[in-house]
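Student: Take this structure first; my questions come after.
What follows is the structure, given as C-alpha coordinates:
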(Lines of atoms letter the chains of each structure in order from A and count residues from 1; the text may use other names and numbers.)
(Lines give C-alpha, C1' and ligand atoms only; values in the text may rest on other atoms or scores of the structure.)
Protein backbone atom coordinates (compact mmCIF):
# COMPACT_ATOMS: atom_id res chain seq x y z
CA UNK A 1 0.00 0.00 0.00
CA UNK A 2 1.81 3.12 1.20
CA UNK A 3 3.98 4.33 4.00
CA UNK A 4 2.39 5.59 7.21
CA UNK A 5 3.14 9.22 7.88
CA UNK A 6 3.65 10.93 11.20
CA UNK A 7 1.66 14.13 11.09
CA UNK A 8 3.03 17.32 12.56
CA UNK A 9 -0.26 18.87 13.67
CA UNK A 10 -0.45 21.63 16.23
CA UNK A 11 -3.81 22.06 17.95
CA UNK A 12 -4.58 25.58 19.16
CA UNK A 13 -6.95 25.25 22.12
CA UNK A 14 -7.61 29.02 21.97
CA UNK A 15 -8.72 28.91 18.33
CA UNK A 16 -12.32 29.57 17.38
CA UNK A 17 -12.00 26.65 14.92
CA UNK A 18 -13.17 23.27 16.23
CA UNK A 19 -10.34 20.80 16.77
CA UNK A 20 -11.54 18.48 14.00
CA UNK A 21 -11.38 21.39 11.52
CA UNK A 22 -7.84 22.18 12.66
CA UNK A 23 -6.91 18.57 11.87
CA UNK A 24 -8.66 18.74 8.47
CA UNK A 25 -6.85 21.99 7.65
CA UNK A 26 -3.45 20.62 8.69
CA UNK A 27 -3.80 17.43 6.63
CA UNK A 28 -5.23 19.30 3.62
CA UNK A 29 -2.35 21.79 3.66
CA UNK A 30 0.17 18.97 3.99
CA UNK A 31 -1.32 17.29 0.92
CA UNK A 32 -1.46 20.56 -1.07
CA UNK A 33 2.19 21.34 -0.28
CA UNK A 34 3.32 17.81 -1.14
CA UNK A 35 4.48 17.05 2.40
CA UNK A 36 1.91 14.24 2.51
CA UNK A 37 2.02 12.34 -0.78
CA UNK A 38 -0.63 10.23 -2.54
CA UNK A 39 -0.75 6.67 -1.25
CA UNK A 40 0.42 7.69 2.20
CA UNK A 41 -1.39 5.98 5.06
CA UNK A 42 -2.51 8.38 7.78
CA UNK A 43 -2.05 7.34 11.41
CA UNK A 44 -4.83 5.28 12.96
CA UNK A 45 -7.46 7.44 14.63
CA UNK A 46 -6.53 6.20 18.11
CA UNK A 47 -2.84 6.81 17.48
CA UNK A 48 -3.35 10.36 16.24
CA UNK A 49 -5.86 11.10 19.01
CA UNK A 50 -3.36 9.97 21.65
CA UNK A 51 -0.58 12.02 20.03
CA UNK A 52 -2.74 15.16 19.92
CA UNK A 53 -4.44 14.60 23.28
CA UNK A 54 -7.93 14.68 21.77
CA UNK A 55 -10.84 12.24 21.62
CA UNK A 56 -10.70 9.43 19.09
CA UNK A 57 -14.09 10.55 17.76
CA UNK A 58 -12.61 13.99 16.98
CA UNK A 59 -9.97 12.44 14.73
CA UNK A 60 -12.56 10.09 13.19
CA UNK A 61 -14.76 13.10 12.40
CA UNK A 62 -11.79 14.87 10.78
CA UNK A 63 -10.99 11.81 8.67
CA UNK A 64 -14.65 11.56 7.56
CA UNK A 65 -14.56 15.22 6.54
CA UNK A 66 -11.32 14.68 4.62
CA UNK A 67 -12.93 11.71 2.88
CA UNK A 68 -16.03 13.76 2.05
CA UNK A 69 -13.76 16.33 0.39
CA UNK A 70 -11.94 13.63 -1.58
CA UNK A 71 -8.58 14.16 0.10
CA UNK A 72 -8.39 10.67 1.59
CA UNK A 73 -10.09 7.31 1.26
CA UNK A 74 -10.94 5.17 4.26
CA UNK A 75 -10.30 1.48 3.66
CA UNK A 76 -11.74 0.07 6.86
CA UNK A 77 -9.20 -1.83 8.92
CA UNK A 78 -6.55 -1.24 6.26
CA UNK A 79 -6.42 2.44 7.18
CA UNK A 80 -6.97 5.85 5.65
CA UNK A 81 -4.94 6.78 2.58
CA UNK A 82 -4.23 10.03 0.76
CA UNK A 83 -5.67 10.09 -2.76
CA UNK A 84 -3.91 11.56 -5.78
CA UNK A 85 -5.58 14.49 -7.54
CA UNK A 86 -7.28 12.33 -10.20
CA UNK A 87 -8.57 9.91 -7.57
CA UNK A 88 -9.75 12.84 -5.46
CA UNK A 89 -11.63 14.40 -8.37
CA UNK A 90 -13.24 11.06 -9.21
CA UNK A 91 -14.14 10.51 -5.56
CA UNK A 92 -15.76 13.97 -5.33
CA UNK A 93 -17.73 13.44 -8.56
CA UNK A 94 -18.99 10.04 -7.41
CA UNK A 95 -19.95 11.48 -4.04
CA UNK A 96 -21.82 14.38 -5.63
CA UNK A 97 -23.70 12.02 -7.95
CA UNK A 98 -24.53 9.68 -5.08
CA UNK A 99 -25.81 12.49 -2.84
CA UNK A 100 -27.86 13.93 -5.69
CA UNK A 101 -29.49 10.61 -6.56
CA UNK A 102 -30.21 9.85 -2.88
CA UNK A 103 -31.81 13.28 -2.40
CA UNK A 104 -34.05 12.55 -5.38
CA UNK A 105 -35.12 9.30 -3.74
CA UNK A 106 -33.39 6.89 -6.14
CA UNK A 107 -31.99 3.52 -5.13
CA UNK A 108 -28.43 2.41 -5.88
CA UNK A 109 -29.71 0.24 -8.72
CA UNK A 110 -31.62 3.16 -10.26
CA UNK A 111 -28.57 5.41 -9.96
CA UNK A 112 -26.46 2.78 -11.73
CA UNK A 113 -29.08 2.49 -14.47
CA UNK A 114 -29.11 6.26 -15.02
CA UNK A 115 -25.32 6.33 -15.13
CA UNK A 116 -25.16 3.43 -17.59
CA UNK A 117 -27.71 5.18 -19.82
CA UNK A 118 -25.80 8.48 -19.70
CA UNK A 119 -22.52 6.68 -20.37
CA UNK A 120 -23.75 5.17 -23.66
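Numbering (the working numbering), first residue to last: 3 to 122.
Built from N, CA and C at the ideal position, the CB exists for glycine as well.
1. Please report the distance separating the alpha-carbon of residue 26 from that of residue 94.
2. Straight-line CA distance for residue 101 to residue 107?
3. Which residues in the same chain as residue 39 place their Cβ atom closer than 6 Å to its Cβ, once the five residues preceding and following it in sequence are excluded?
4. In whole angstroms, what is the alpha-carbon distance linking residue 65 and residue 117?
5. To the nearest angstrom, how far is it from the Cα of residue 35 to the Cα of residue 86?
6. Where does residue 78 fall in DSSP's three states?
7. My understanding is that residue 13 touches residue 56, with C-beta atoms under 8 Å, so please give their C-beta distance in whole angstroms.
8. Since residue 127 and residue 43 should fall inside the 8 Å C-beta cutoff, what is the C-beta to C-beta distance between them, to a whole number of angstroms?
9. Taking a contact to mean a Cβ-Cβ separation below 9 Å, would you say residue 80 touches residue 11 in this structure?
10. Check for me: the alpha helix (DSSP H) holding residue 62 runs from which residue to which?
11. Helix, strand or coil: which one does DSSP assign to residue 50?
12. What does a CB cutoff of less than 7 Å around residue 98 pick up in its chain, not counting 5 residues either side in sequence?
13. Indicate whether residue 9 and residue 41 have their beta-carbon atoms separated by less than 9 Å.
Tutor: In brief:
1. If I take the Cα positions, the gap works out to 16 Å.
2. 10 Å
3. none
4. Their backbone Cα atoms lie some 28 Å apart in a straight line.
5. 13 Å
6. DSSP, read as helix, strand or coil, puts residue 78 in helix.
7. 7 Å
8. Because residue 127 is not part of the residues shown, which for the chain are 3 to 122, the question remains open.
9. no
10. In the DSSP annotation of this structure, the continuous segment of the alpha helix (DSSP H) that includes residue 62 starts and ends at 58-70.
11. helix
12. none
13. The Cβ atoms of residue 9 and residue 41 lie no closer than 9 Å to each other.
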